[in-house]
Structures are given as structure tokens and as C-alpha cells.
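Below is one structure; the comments refer to it alone.
Residue numbers (our numbering): 17 to 267.
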């Protein structure tokens, strides 16, 4: 039987970590890599596993790649602190990891945003490549936002979902937008993307149209409208920061 390692990355997650680890205690190996938390995260995690490590956080792909060096299992399953596994997902993971092909699996997520399951607006099924053979995958160090797994082989798709307690307040959403747009703007600049004056209006409008109409955000009612507007703001903020980066760059 294949050995499955579950890895959870943390940073001040005392609110979430208990419930998260409770749902993945079935793992053959449970590893928590903490980014120097100042709350009770580490103390709580140590009640579930002796494999708790601390390391300064640089960026997501760097942290995940370091976590891979700690894994001894045949397969690694990355679960975030604000995510919850289920018995059905556990059973499916156990079953598919008995075969060596595919070498990875996309896991669908059930996103709970502002207390509601978002079924459209681009948040469902929200597949994430989280389960893969340890020796067959690593994270792209150039992809700082929404990490990308470089997989040596094909990946399949699981049916059972990982519940994601995504955002519980507008304040939390806006705070994360600030962080993500910093990374997104830097990534675009590295790629040589320069914003034109039309970008500051065109990109937000396109994002709203994509979320609310193409991805059927209107079916999520008020939540869909609000999230579409917030993601339009995300696009505007990204290009605003991108413009600032270029203006500050030496000629």
C-alpha cells in the first residue's frame, strides 16, 4: 500500500489548524511547516504530529518545495489550514494512489465565501493540483501567485471535494487582495508586461464580464455580483501596482 504524506503550511492559523488537522489525521505521515507563527498554531499542531517544523516564509513555491524535502511518503497531499478533507475524499485518495499512473491528481474545491457555497463566478469546481507522487512533482519558482506544479507525467481529476473556508469577511478579502496583487504585479513586470492607459479600465471591465456573465456569477445572486466587482477591483489594483513598478524602474 502506498504511503501518503499530508503537508499543511501555516502562519498564525490557530483559528483553523485544529479543525484542519482533525480531518487529515488519517495520513500515514502528517507534516506541518510553519512560517514562524506568533500564536498557538505550533502548540496545537504538535498535539497531532511530531513532524512540526518552522521556517521563515519567502514565497509560496519556495515554501512548498522545501516542504517536499521533508516528505518520506510515496505520495504528497497538500492541504491548506483553511481547508477540510472528508471521509469520501480520504477514501478516493486512498484508492487512486494504489496506481502509479496518473502521477498526480487535480482536487476540486468547495469554496465557502462570506458564509455561502459559491457554485459559479469562477470558484467551482476550482480544481487544484494538490495530490502527486513525491518524486514526480515540484513547484514553479517563478509562479508566486496561485502556485503551479511542474509534473513529470499526466494528472487525473478526483470527484470528491476539499472544502475551502475561503473568506469570511470583506476585510479579510481585501487584505489578501493587497498581498496577491503585489505578487501578481511583480510577476507581470518580470514577464515584460507594460500597462497602457486603456488597461486601467479595460482589464477590470473584462474581469467583471468574465466573472459575472461568462462564468455565470449572476447565478450566485448578490454574492456573485459582489465577488465579480471585487475581482474587477483586483484587476485594476494589479495594473495600478504594475504601472508604479515600471515608473520606479531605472531606464
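Think of the CB as a built atom: it goes at the ideal place given N, C-alpha and C, for glycine as much as any other residue.
Reduced DSSP secondary structure (H/G/I, E/B, other) of residue i
i: residue 21; result: strand
i: residue 78; result: helix
i: residue 139; result: coil
i: residue 208; result: coil
i: residue 128; result: strand
i: residue 162; result: coil
i: residue 89; result: coil
i: residue 148; result: strand
Cut-off 6 Å between Cβ atoms - residues of its own chain near residue i, not counting five sequence neighbours on either side
i: residue 235; result: 136
i: residue 250; result: 193
Residue i Cβ short of 6 Å to the ligand PLP heavy atom set
i: residue 171; result: With respect to the ligand PLP, the structure shown offers nothing to examine, as it has no ligands at all.
Boundaries (first-last residue) of the alpha helix (DSSP H) holding residue i
i: residue 107; result: 103-112
i: residue 34; result: 33-39
i: residue 259; result: 237-264
i: residue 234; result: From DSSP, residue 234 is part of no alpha helix (DSSP H); its letter is neither H nor E.
Limits of the beta strand (DSSP E) - the one that residue i falls within
i: residue 48; result: 45-50
i: residue 183; result: 178-183
Distance CB(residue i)-CB(residue j) smaller than 7 Å
i: residue 83; j: residue 161; result: no
i: residue 86; j: residue 47; result: yes
i: residue 37; j: residue 64; result: yes
i: residue 262; j: residue 227; result: no
Minimum C-alpha distance to residue i - residue among the options
i: residue 125; options: 238, 101, 107, 112; result: 101
i: residue 107; options: 167, 57, 175; result: 175
Contacting residues, own chain, Cβ-Cβ under 7 Å from residue i (five flanking each side not counted)
i: residue 52; result: 70, 72
i: residue 110; result: none
Beta-carbon contacts of residue i that lie in its chain and below 8 Å, excluding the five residues immediately before and after
i: residue 19; result: 44, 45, 88, 89, 90, 91
i: residue 163; result: 76, 77, 80, 155, 156
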